[in-house]
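Visitor: Quick one: the structure is below, questions incoming.
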Amino acid sequence: MEAALKREASVRKTVFPLFYFLIFFAFGSLFPLLSVYLQEEARLPGAAIGWIMSITPIVTMAAQPLWGMATDYTRKPVGLLTMALVLTALFGFLYSLAGSYRMFVVLTVLLSAVQSAIVPLSDSIALHQVRDHGGNYGAIRLWGSLGFAAAVLVVGWLSDHLAFAVIFYVFSFMLLSAAALASRLPRSRAAGPAGGLTWSDIRGLLSVRPFCLLLVASFLLFGPIYANNSYFGLLIHELGGTLTGIGFAFWLAAGSEAPFMKTADRLICRFGMTRLLVLAALVSAARWWSYVADPPLWFVYMTAIVQGCSVGLAIPTALQYVRRLAPERVQATAVALYSAASSGLGAWFCTLVGGYLFERWQIGAVYVFFGACAIVGVFVLIWLGKLEKNDQIGR
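Residue 288 in the UniProt record's numbering sits at position 288 of the sequence shown, with consecutive numbering throughout.
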């Protein structure tokens, strides 16, 4: 018994943090610089870049619920996660060999279909571990932000001084390392036997009105946040920044998330989930609108730090909100639907619209649109808070 407790403590203290560091180091090495790669190396026009960058979220929107249902059906999240990591690493490497628009499109579809499983499955496993054995999800997840921050700085410098294609090599290597480490992740004991998930369970989940409102709010709040990963590098590039400068800006933004993630649980207990998400949406809107009128480069670097208050609070809060609203039998499916609404449908919509706005009116129009989405999200969150309050009074 004592040995088992020590193993669980070791997983929380070392394996989970290192695992999150590796997978987000991989993401940070590729996605912030991919749009610049397509512009500078592949020589694609703005609309073509917008279409390619919008493929990932739309495939994610379709694939993530399937991964979630497969997990709830098989009760084998670690095995599915390992498979997704290996396939994502393979397609990431093949991406470096693409030389035409059609090949970029095909590989983006394949890469997105398998990459979309990584974060929802990792989060489901981590949340099961925290629920069953204690701990702080935010303290685990902050290592992902640190990994992302380290990657954009290191790989931004490497791509500036070596070859741009290094972003794909680092991406694949880190994901293979994470796949090797995944064998040490706990096999979570999800409720119910394998094959127990039914369509009735899924319909029941979608009939929970607060859960559906949270999906809408996630679409409006996180859509611009994820789409910004595609356009932030272009903003800095237009303002005269280098690849190293783009990496530095992403490092500031992602690194600022860590302290907020660590304190998220305590802030949730004090202020409530809805209020924290409203604060995150307001901070995001202010940041997006500050980029409208071609600000100086130093201002962009400075405001990147406020991402900690928005994204650093929003990610752990929204995820735990989803888990609280969803029945136990469909926890992985609920997390996948939330990811599909935010990093899938929301990111696709904002990335695609952003591509057209960027081509017609330049980068400022993109951030006007992002700010408007965040403000509409505030009103949806206020509605959600009132609905939950009325439900509590009704009980």
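Glycine included, every Cβ here is placed at the ideal spot set by N, Cα and C.
1) If you run the structure through DSSP and keep just helix, strand and coil, what is Y291?
2) What residue does the alpha helix (DSSP H) around N229 start on, and which one ends it?
3) Straight-line CA distance for A372 to A180?
4) Distance check for I58 and G385, CA to CA, integer angstroms please.
5) Compute the Euclidean distance between the alpha carbons of A347 and V109, then round it to the nearest angstrom.
6) Comparing C-alpha positions only, which one of A42, S339, Y95 and L81 sits nearest to I225?
7) Whole angstroms are fine: how far does the CA of H161 sit from the CA of V322?
8) Would you decide whether L107 is buried or exposed? Buried here means 16 or more other CB atoms lie within 10 Å of its CB.
9) Would the region 163 to 172 and the region 85 to 92 be scored as touching if the rule is three or more Cβ pairs under 8 Å?
10) G147 and F24 - do their beta-carbons sit closer together than 7 Å?
11) For A84 versus A126, is the C-beta distance shorter than 7 Å?
12) So, helix, strand or coil for R117, using DSSP?
13) For the ligand SAM, is there a heavy atom less than 6 Å away from the beta-carbon of A227?
14) Taking the C-alpha atoms as reference points, what is the distance between I202 and P327?
15) Between the C-alpha atoms of T303 and A254, what's the straight-line distance to the nearest angstrom?
16) Take the Cβ of D72 as the centre, count every other Cβ of all protein chains shown within 10 Å, and call the residue buried at 16 or more, exposed below.
17) Could you check where the alpha helix (DSSP H) with R270 kicks off and where it finishes?
18) Sorted by chain position, which residues of the same chain lie with C-beta nearer than 6 Å to L142's C-beta, five sequence neighbours on each side aside?
19) Grouping DSSP H, G and I as helix and E and B as strand, with all else coil, what is V306?
20) Please name the residue, chosen from G377, R275 and G247, that lies closest to E388 on a Cα-to-Cα basis.
21) What residues in its chain sit with their C-beta under 7 Å from that of G195, if we drop five residues either side in the sequence?
22) Report buried or exposed for H133, applying the criterion of at least 16 other Cβ atoms within 10 angstroms of its Cβ.
23) For V283 and S256, which I take to be in contact (beta-carbon distance under 8 Å), what is that distance rounded to the nearest angstrom?
24) Is G156 closer than 7 Å to residue 422 when the C-beta atoms are compared?
25) Could you tell me whether the Cβ atoms of F369 and L357 are closer together than 7 Å?
26) Ignoring anything shorter than 4 residues, give me the alpha helix (DSSP H) runs that lie fully in the region 99 to 169, in order along the chain.
27) Can you list, in chain order, the residues of its chain whose CB lies under 8 Å from that of V15, leaving out five sequence neighbours each side?
28) Report, in whole angstroms, the separation of the C-beta atoms of L277 and A314, which I expect to be a contact under 8 Å.
29) Kindly indicate the opening and closing residues of the alpha helix (DSSP H) around V330.
30) Quick check: G355 and A47, are their CB atoms within less than 7 Å of each other?
31) Taking only the alpha-carbon atoms, compute the straight-line gap between L319 and T351 and give it to the nearest angstrom.
32) Quick check on this structure: which residue in G135, L34, V78 and S290 has the alpha carbon closest to the alpha carbon of S159?
33) Once you ignore the five residues that flank L214 on each side, which residues in its own chain have a CB closer than 8 Å to its CB?
34) With distances taken Cα to Cα, identify the nearest neighbour of F104 among I49, L121 and P210.
35) In the DSSP assignment, find the unbroken alpha helix (DSSP H) run with V15 in it and report its ends.
36) Less than 7 Å between the C-beta atoms of V119 and P32, yes or no?
Guide: The answer reads as follows:
1) Y291 carries a coil assignment under DSSP once its states are collapsed to helix, strand and coil.
2) Annotation for N229: the continuous alpha helix (DSSP H) segment containing it runs R209 to E238.
3) Between the C-alpha atoms of A372 and A180 there is a straight-line separation of about 42 Å.
4) Cα to Cα, the separation comes out at about 29 Å.
5) Approximately 15 Å between the Cα atoms of the pair.
6) Measuring from the Cα of I225, the nearest candidate turns out to be S339.
7) Cα-Cα distance, rounded: 43 Å.
8) Per the 10 Å Cβ criterion, buried.
9) Yes: the two stretches touch, three or more of their Cβ pairs being nearer than 8 Å.
10) The beta carbons of F24 and G147 sit closer together than 7 Å.
11) A84 is not a Cβ neighbour of A126, given a cutoff of 7 Å.
12) Residue identity check: residue 117 is Ala in the sequence provided, not Arg. In the structure shown, A117 sits in coil (DSSP, three-state: anything other than H, G, I, E or B).
13) This structure lacks the ligand SAM, and indeed carries no ligand of any kind.
14) CA-to-CA, the gap between I202 and P327 works out to about 10 Å.
15) Each residue's Cα considered, the two are about 12 Å apart.
16) Buried, since its Cβ has 16 or more Cβ neighbours within 10 Å.
17) For R270, the enclosing alpha helix (DSSP H) has its first and last residue at E257 to F271.
18) Hits under 6 Å: A258, M261 and K262.
19) If DSSP states are grouped into helix, strand and coil, V306 belongs with coil.
20) For the residues G377, R275 and G247, the minimum Cα distance to E388 belongs to R275.
21) With a pLDDT of 48 at G195, under the threshold of 50, the modelled position of that residue is not reliable, and no figure is offered here.
22) H133 comes out exposed.
23) About 11 Å; that fails the 8 Å criterion.
24) Past the edges of the chain, shown from 1 to 395, lies residue 422, and the structure says nothing about it.
25) Yes, the pair counts as a contact, with Cβ atoms nearer than the cut-off.
26) Segments of the alpha helix (DSSP H) lying fully in the region 99 to 169: 101 to 115, 118 to 133 and 137 to 161.
27) Taken in chain order, the residues that qualify are L181, R184 and L185.
28) Indeed, because the Cβ distance is near 6 Å, the residues count as touching under 8 Å.
29) Careful: V330 lies outside any alpha helix (DSSP H) and carries neither H nor E.
30) Yes, these two residues count as a Cβ contact at 7 Å.
31) Approximately 22 Å, taken between the alpha carbons.
32) Checked all of G135, L34, V78 and S290; the closest Cα to S159 is L34.
33) For L214, where only same-chain residues beyond five positions count, the Cβ hits under 8 Å are A318, Y321, V322, L325, Y338 and L384.
34) Closest by alpha carbon: I49.
35) First-last for V15: undefined, no H or E at that position.
36) Not in contact: V119 and P32 (Cβ atoms no closer than 7 Å).
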